[in-house]
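Asks:
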């Protein structure tokens, strides 16, 4: 694929516009310095539309666009379960978990763990998340983002990583979460409309100009197996999407971990101006999640007809981009880079928040607010530098970057969900029970991974979660029960939600029922 001059102009305009917007929204009144709430929680002033857009922008990156489109090419619409079940996860988190976190006025998820358990649990999980975000997530976003740019333009990998790092830092380093969240609005608009246009063009090509609906019907008639949402055991991709487990198994564990207990994601909701705005942001994000398969999966399925002889499924999205007219190709490329850079900016902001507020401030509690903001900026820069150094050694030998992320995070996901779910909803859970769940999650996941390699990843996560849940309960009941004065009494919490939240949630659920009923 080659970008023409007009494409380069469109892309350059996007870069300049985004950086200008970030500088504008990050400005402060003369003489006023940013404090930690300004920098890490956007002054707790984010409206619902910024929260919802930023959640999706942080979620969608190169590995998701390229990888899910490739999965659409290989597996079909079934891969959309990750997106559509995620919409339900957002609603559950918004109703039952966000009220607790916002009531506690926390900056980070490890901070909540100290309030609920003890300081040791906070330090263990803060250190774990720092290592995971830098050496797994950040390296993957950089490497796969640079790989996507190389695949499309031929731009060398090392220069691609440098460009992405500098771009992300240029608009997020000064402004913090506010700059990230408000520029994410532009990123998501670009991503959604660019993706929808790509799907429109590909379906119109399939129908030879007779419309997208005809194109979709032709695609379903030619490849009906690509539109099965629940795969049977004889399907060659059953291990990736193990049948009904997609609806009732480990997918729920992964969704709650990602959308509810992941600093990288939940930080936007923690920065809401009110619980009502946070919950509206979650429903907005849920609606956007319903759109994602049209944007990233459908072009991959269309490539089965338009480019049936690809060497690798991951070539599907770049190949479909090449069908775009000059100028619009630059817009689609800008949408792809937008997804990568917004994820990078979100990740480094979360890393700096955890290090500064959970670790550094504990050992240096006497420092000024402006000093903590300065440390946060240093950590953002340093984390990106470390990730750039380790990206090639860690990921060059992996055929599938998304699998790299899934394998490593999947070892710990069941334990994390147990720790938070018991901490939120069972007052007898203890710190020793939480630590037992964390350690047990890693040991059990490794055991299943090596001893039962054919066990589907999603089933493994579900089984390990149940075992860790039982382990944490047993250890908690065997230990000394302690009162935690800062912990929320769940019996005193009001989980009632607004009428608009309830109506929108019902709409999301009805749409999902219709989608699964149509393509079961």
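Numbering (the working numbering), first residue to last: 7 to 526. We put the beta carbon where it would ideally sit given N, CA and C, even for glycine.
What alpha helix (DSSP H) runs, 4 residues minimum, are completely inside the region 276-356?
Replies: Runs found: 281-298, 304-312, 322-327.
Asks: Of the residues 66, 467, 484, 148, which one's Cα is nearest the Cα of residue 255?
Replies: For the purposes of this step, residue 255 is taken as residue 249 along the chain shown, with counting starting at 1. It is 467.
Asks: Beta carbon of residue 249, beta carbon of residue 56: below 9 Å?
Replies: Here residue 249 is taken as the residue at index 243 of the chain shown, counted from 1. Here residue 56 is taken as the residue at index 50 of the chain shown, counted from 1. For residue 249 and residue 56, no; Cβs fall outside 9 Å.
Asks: Using 8 Å as the cut-off, can you tell me whether the region 513-521 makes contact with the region 93-102, which would need three or more C-beta pairs spanning the two stretches below that distance?
Replies: With a cut-off of 8 Å, the region 93-102 and the region 513-521 count as touching, because enough Cβ pairs lie within range.
Asks: Taking the alpha-carbon positions, what's the residue 482 to residue 363 distance?
Replies: Here the question's residue 482 lines up with position 476 in the chain shown. Here the question's residue 363 lines up with position 357 in the chain shown. Whole-angstrom Cα-Cα distance: 28 Å.
Asks: Evaluate residue 14 with the Cβ neighbour count: other Cβ atoms within 10 Å of its Cβ, from every protein chain shown; 16 or more gives buried, anything less gives exposed.
Replies: Counting from one through the chain shown, the residue named residue 14 turns up at place 8. Exposed: under 16 other Cβ atoms inside 10 Å.
Asks: Just verifying my parser: in three-state terms, what is the DSSP assignment at residue 247?
Replies: Within the chain shown, residue 247 is the residue found at index 241, counting from 1. In this structure, residue 247 counts as coil in the three-state DSSP scheme.
Asks: How about residue 420 and residue 471: do their beta carbons lie closer than 9 Å?
Replies: Counting from one through the chain shown, the residue named residue 420 turns up at place 414. Counting from one through the chain shown, the residue named residue 471 turns up at place 465. Contact flag set, yes.
Asks: Hey, out of 396, 379, 195, whose CA is closest to residue 66's CA?
Replies: The sequence position of residue 66 within the chain shown is 60, counting from 1. Cα-wise, what sits closest to residue 66 is 195.
Asks: Quick one: using the 10 Å Cβ neighbour count with 16 as the cut-off for buried, is residue 319 buried or exposed?
Replies: As a working mapping, residue 319 is identified with position 313 in the chain shown. Counting Cβ neighbours within 10 Å, residue 319 comes out buried, since at least 16 surround it.
Asks: What separation, rounded to the nearest whole angstrom, lies between the Cα atoms of residue 276 and residue 100?
Replies: For the purposes of this step, residue 276 is identified with residue 270 of the chain shown, where counting begins at 1. For the purposes of this step, residue 100 is identified with residue 94 of the chain shown, where counting begins at 1. If I take the Cα positions, the gap works out to 11 Å.
Asks: Mapping DSSP to helix, strand and coil, what is residue 52?
Replies: In the chain shown, residue 52 corresponds to position 46, counting from 1. Here residue 52 sits in strand by DSSP.
Asks: Pull up the distance between the alpha-carbon of residue 6 and that of residue 89, whole angstroms please.
Replies: Nothing about residue 6 can be reported from this structure: the residues present for the chain run from 7 to 526 only.
Asks: Return helix, strand or coil for residue 435, following the three-state DSSP convention.
Replies: Looking up residue 435 in the chain shown gives position 429. Reduced to three states, the DSSP call for residue 435 is coil.
Asks: Please list, in chain order, all residues of the same chain as residue 439 whose beta carbon is under 6 Å from its beta carbon, the five residues on each side excluded.
Replies: Looking up residue 439 in the chain shown gives position 433. Same-chain partners within the cutoff: 478, 481, 482.
Asks: Using 8 Å for Cβ pairs, my map puts residue 259 next to residue 86. What's the rounded Cβ distance?
Replies: Translated into positions along the chain shown, residue 259 becomes position 253. Translated into positions along the chain shown, residue 86 becomes position 80. Contact flag wrong, Cβ pair sits at about 19 Å.
Asks: Only counting the same chain, and skipping five residues up and downstream in sequence, which positions put a Cβ closer than 7 Å to that of residue 202?
Replies: The residue labelled residue 202 in the question sits at position 196 within the chain shown. So the qualifying residues of the chain are 300, 301.
Asks: Work out the CA separation of residue 437 and residue 124 for me, nearest whole Å.
Replies: Stepping through the chain shown from its first residue, residue 124 is reached at position 118. Stepping through the chain shown from its first residue, residue 437 is reached at position 431. Their backbone Cα atoms lie some 6 Å apart in a straight line.
Asks: Distance check for residue 394 and residue 168, CA to CA, integer angstroms please.
Replies: Position 162 of the chain shown holds residue 168. Position 388 of the chain shown holds residue 394. One C-alpha to the other measures close to 8 Å.
Asks: Would you kindly check if the distance between the Cβ of residue 193 and the Cβ of residue 59 is under 9 Å?
Replies: Within the chain shown, the letter at position 53 stands for residue 59. Within the chain shown, the letter at position 187 stands for residue 193. Result yes, Cβ atoms of residue 59 and residue 193 sit closer than 9 Å.
Asks: Going by beta-carbon coordinates alone, are residue 306 and residue 102 separated by less than 9 Å?
Replies: Indexing the chain shown from 1 puts residue 306 at position 300. Indexing the chain shown from 1 puts residue 102 at position 96. Not a contact, by the Cβ cut-off of 9 Å.
Asks: Using beta-carbon positions only, say whether residue 342 and residue 208 come within less than 9 Å of one another.
Replies: Taking the chain shown and counting its residues from 1, the one referred to as residue 342 is at position 336. Taking the chain shown and counting its residues from 1, the one referred to as residue 208 is at position 202. No, Cβ-Cβ distance for residue 342 and residue 208 is not below 9 Å.
Asks: Taking its Cβ as the centre, do 16 or more other Cβ atoms sit within 10 Å of residue 120, making it buried, or is it exposed?
Replies: Mapped onto the chain shown, residue 120 falls at position 114. It counts as buried.
Asks: For residue 484, is the classification buried or exposed, using 16 other Cβ atoms within 10 angstroms of its Cβ as the cut-off for buried?
Replies: Here residue 484 is taken as the residue at index 478 of the chain shown, counted from 1. Residue 484 should be labelled exposed.
Asks: Decide if the region 382-401 is in contact with the region 127-146; the criterion is three or more beta carbon pairs, one per stretch, under 8 Å apart.
Replies: The region 382-401 is in contact with the region 127-146.
Asks: I need the DSSP call for residue 148, collapsed to helix, strand or coil.
Replies: Here the question's residue 148 lines up with position 142 in the chain shown. Three-state result, residue 148: helix.
Asks: Note the first and the last residue of the continuous alpha helix (DSSP H) segment covering residue 224.
Replies: The sequence position of residue 224 within the chain shown is 218, counting from 1. That run of the alpha helix (DSSP H) goes 218-228.
Asks: Looking only at its chain, what residues have a beta carbon closer than 8 Å to the beta carbon of residue 76, apart from the 5 residues adjacent to it on each side?
Replies: Sequence index remark: in the chain shown, residue 76 carries index 70 (1-based). If we look at residue 76 and ignore the five residues flanking it on each side, its Cβ neighbours are 306, 318, 319, 320, 321, 322, 323.
Asks: Going by other Cβ atoms of all chains shown within 10 Å of its Cβ, with 16 needed for buried, is residue 274 buried or exposed?
Replies: As a position in the chain shown, residue 274 is number 268, starting the count at 1. So residue 274 counts as buried.
Asks: Taking a contact to mean a Cβ-Cβ separation below 9 Å, would you say residue 525 touches residue 290 in this structure?
Replies: Within the chain shown, the letter at position 519 stands for residue 525. Within the chain shown, the letter at position 284 stands for residue 290. Taking 9 Å as the Cβ cut-off, residue 525 and residue 290 do not qualify as a contacting pair.
Asks: Determine the extent of the alpha helix (DSSP H) in which residue 478 is found, giving its start and end residues.
Replies: Numbered from 1 along the chain shown, position 472 holds the residue referred to as residue 478. Start and end: 463-484.
Asks: Between which residues of its own chain and residue 405 is the CB-CB distance below 7 Å, once the five residues before and five after are set aside?
Replies: Numbered from 1 along the chain shown, position 399 holds the residue referred to as residue 405. Only weak support exists for where residue 405 lies, its pLDDT of 48 falling under 50; the value from the coordinates is given anyway. Answer for residue 405: no residue qualifies.
Asks: Skipping 5 residues on each side, what residues in its chain have a beta carbon closer than 6 Å to that of residue 138?
Replies: To locate residue 138, count along the chain shown from 1; it is residue 132. If we look at residue 138 and ignore the five residues flanking it on each side, it has no Cβ neighbours.
Asks: Return the first residue and the last residue of the alpha helix (DSSP H) that residue 388 is part of.
Replies: For the purposes of this step, residue 388 is taken as residue 382 along the chain shown, with counting starting at 1. First-last of the alpha helix (DSSP H) with residue 388: 375-401.
Asks: Once DSSP output is grouped into helix, strand and coil, what is the label at residue 81?
Replies: Position 75 of the chain shown, counted from the first residue, corresponds to residue 81. Of the three classes helix, strand and coil, the one that applies to residue 81 here is coil, per DSSP.
Asks: Quick check: the Cα distance between residue 340 and residue 450, rounded to an integer number of angstroms?
Replies: Position 334 of the chain shown, counting from 1, holds the residue named residue 340. Position 444 of the chain shown, counting from 1, holds the residue named residue 450. For residue 340 and residue 450, the distance between alpha carbons rounds to 42 Å.
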